[in-house]
Amino acid sequence: MSNETVTYSLEAVLKEIKDSIKEVNHKADKIDQRLTKLEIGQAELKGEIKALDERLSTKIDGLTARVAYQEFTNRGILIALVVAG
């Protein structure tokens with residue numbers, strides 16, 4: 000190994016380290032902001048999914064009632080045809 004003289008001052012090295020730390024902190028802040036946006040978006044999606052689920056449940060209940068009524072009507076027509084025939 001050879002002994003080489005370092006030409007950087009301690010002040011310059013410390014400044015570079017501080018700048019690097021600032022850059023890392025800035026990137027961490029950006030990541031935190033993006034994560035917060037994702038969490039908000041996820042909460043909004045959950046709300047939208049719940050609303051859609053409730054609307055679909057209401058429509059399914061309505062369709063179930065209509066099918067039941069149609070089955071009742073069909074039975075009545077079938078009985079009338081059997082009796083008339």
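In case it helps, numbering that gives the first Met the number 0 puts the sequence shown at residues 0 to 84. Just so it is clear, CB atoms sit at the ideal spot from N, CA and C, and this is done for glycine as well.
- Tyr7 sits in coil when the DSSP states are folded into three classes, being neither helix nor strand.
- Cα atoms of Ser19 and Glu3: separation of roughly 25 Å, rounded to the nearest angstrom.
- When the five nearest sequence neighbours on each side are left out, no beta carbon in the same chain lies closer than 6 Å to the beta carbon of Gly84.
- Taking the CA atoms as reference points, Leu51 sits about 43 Å from Glu22.
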